[in-house]
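Take the working numbering: the last position of the sequence shown gets the number 1507, and nothing is skipped along the way.
Shown next, in structure tokens, is the structure this report addresses.
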Amino acid sequence: MFSPKEVVYNAFYNGLKVIAITDHDTVEGIDPALEYAKNSGLEVIPGIEISARVSGKEIHVLGYFLDWYNPVLKTILDERKKARAERINKMVKLLYTAGFNITVNDVFQLSEHGIVGRLHLARILVSKGYVSSVKEAFRKYIGEGKPYHAEQELMDYKQAINLIKESGGVPVLAHPGVSKVEEFLPDIIKAGIKGLEVFHSEHTIPQMRKYFELAKKHFLLVTGGSDCHGHGKDKILMGKIKVSLELVEDLRVTNIEQAIINKQTVKSK
1239 MFSPKEVVYN AFYNGLKVIA ITDHDTVEGI DPALEYAKNS GLEVIPGIEI
1289 SARVSGKEIH VLGYFLDWYN PVLKTILDER KKARAERINK MVKLLYTAGF
1339 NITVNDVFQL SEHGIVGRLH LARILVSKGY VSSVKEAFRK YIGEGKPYHA
1389 EQELMDYKQA INLIKESGGV PVLAHPGVSK VEEFLPDIIK AGIKGLEVFH
1439 SEHTIPQMRK YFELAKKHFL LVTGGSDCHG HGKDKILMGK IKVSLELVED
1489 LRVTNIEQAI INKQTVKSK
């Protein structure tokens, strides 16, 4: 994974004008990224990617332009950090019992004792020679339904969407082509999602066309991103997917409109 400094450096090196920091279930990288981006001409949008469930399936909800100091958000993310650590403990125990030479300390050292996830565990499996790639680690061992996978308790999708909105952010459904939750899209829209991540490094061109049309049909924002995890996904994806500044401005305008609505709602109470 990239550090916030590496994210900013690589974004600048790739000629990007705007990036969003949307780490999984954490906002710890936002302040350092903003600091490193000072006077660089690079805009950093504060964000997050929250793991949630809809009818038993895992989805990821992106939040853009949110207040990362919101106390309710902070409390919930602290709980998520503990839950993610407990999950990794379970998975490492399963692997170790099966004969894999892996310890919890290996995984936590790789995460630099920040928020930890399966991607860190996958990288340990690669470094120890058990698999040749992160994708293989998920496919053989730690993906959903695989022998050493452990379920994690996730918040309901409605809670995730509301949490982002109450933190001043714009909620967007991440990579629908990866999550494969199209059948639940009407429910997700009804819950208040504001956009679809149409352009994504794992979406095919036909998928991008399909989700673009879906977004337009339901009057949703169109967003996109490379979903770069540094070296975490076997190759560096930053800059692979680029969107126009016009789409960024649409997102910004929606954020402003939502802030006005939130303020009016508070006044009317």
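Glycine included, C-beta positions come from ideal geometry on N, C-alpha and C.
Exercise. Quick one: is alanine 1336 buried, meaning 16 or more other Cβ sit within 10 Å of its Cβ, or exposed?
Worked result: exposed
Exercise. To which residues does DSSP link glycine 1462 through a beta bridge?
Worked result: Phe1437
Exercise. Which runs of the beta strand (DSSP E), 3 residues or longer, sit entirely within the segment 1241 to 1319?
Worked result: 1256 to 1259, 1281 to 1292, 1295 to 1302
Problem set entry | Top-ranked residue by Cα proximity to valine 1481, from Lys1448, Glu1435, Arg1291 | Glu1435
Problem set entry | Contact the segment 1365 to 1377 vs the segment 1256 to 1265: 3+ CB pairs below 8 Å | no
Exercise. For the segment 1382 to 1419, which segments carrying the beta strand (DSSP E) assignment without a break, of at least 3 residues, lie completely within its bounds, in sequence order?
Worked result: Note on the segment 1382 to 1419: whole beta strand (DSSP E) runs with a minimum of 3 residues are 1408 to 1411, in chain order.
Problem set entry | Where the alpha helix (DSSP H) containing lysine 1428 begins and where it ends | 1423 to 1428
Exercise. In three-state terms, what does DSSP make of tyrosine 1449?
Worked result: helix
Exercise. Run through DSSP, which three-state label would methionine 1329 get?
Worked result: helix
Exercise. Roughly how many angstroms separate the alpha carbons of leucine 1254 and methionine 1446, rounded to a whole number?
Worked result: Our two residues, leucine 1254 and methionine 1446, have alpha carbons roughly 21 Å apart in a direct line.
Problem set entry | Spatial distance of isoleucine 1427 from glutamate 1404 (CA atoms) | 17 Å
Problem set entry | Reference proline 1284; option with closest CA among Val1408, Ser1349, Leu1483 | Val1408
Exercise. When you compare each of Glu1281, Arg1291, Val1342, Glu1266 to lysine 1319 by their alpha carbons, which one comes out closest?
Worked result: In this structure, Glu1266 is the residue among Glu1281, Arg1291, Val1342, Glu1266 with its C-alpha nearest to the C-alpha of lysine 1319.
Exercise. Can you check whether the CB of isoleucine 1399 is closer than 8 Å to the CB of valine 1299?
Worked result: yes
Exercise. Going by other Cβ atoms of all chains shown within 10 Å of its Cβ, with 16 needed for buried, is valine 1292 buried or exposed?
Worked result: buried
Exercise. For valine 1419, which residues of its own chain have a beta-carbon under 7 Å away from its beta-carbon, when the five flanking residues on both sides are left out?
Worked result: Cβ within range, chain order: Val1292, Lys1295, Ile1297.
For this session: Within its chain, find whatever has a CB closer than 6 Å to the CB of serine 1439; leave out the 5 residues flanking it on each side and keep chain order.
Result: Ser1464, Asp1465, Leu1475, Lys1478, Ile1479
Problem set entry | C-alpha gap between serine 1278 and lysine 1378, whole angstroms | 42 Å
For this session: For threonine 1461, count neighbouring C-beta atoms within 10 Å of its own C-beta (all shown protein chains included) and say buried if the count is 16 or more, exposed if not.
Result: buried
For this session: Rank Leu1332, Glu1244, His1413 by C-alpha distance to the C-alpha of glutamate 1273 and give the top, closest one.
Result: Glu1244
Exercise. Does DSSP classify alanine 1336 as helix, strand or coil?
Worked result: coil
Problem set entry | Residue span of the alpha helix (DSSP H) that contains glutamate 1350, given as start and end | No alpha helix (DSSP H) holds glutamate 1350; DSSP gives it neither H nor E.
For this session: Indicate the three-state DSSP secondary structure (helix, strand or coil) for phenylalanine 1457 in the structure shown.
Result: coil
Exercise. Closest to isoleucine 1257 by CA distance: which of Phe1303, Leu1315, Ala1290, Ile1288 is it?
Worked result: Cα-wise, what sits closest to isoleucine 1257 is Phe1303.
Exercise. Would you report the Cα separation of leucine 1280 and isoleucine 1286, rounded to the nearest angstrom?
Worked result: 18 Å
Exercise. Nearest to glycine 1406 by alpha carbon, out of His1441, Val1310, Asp1344?
Worked result: Val1310
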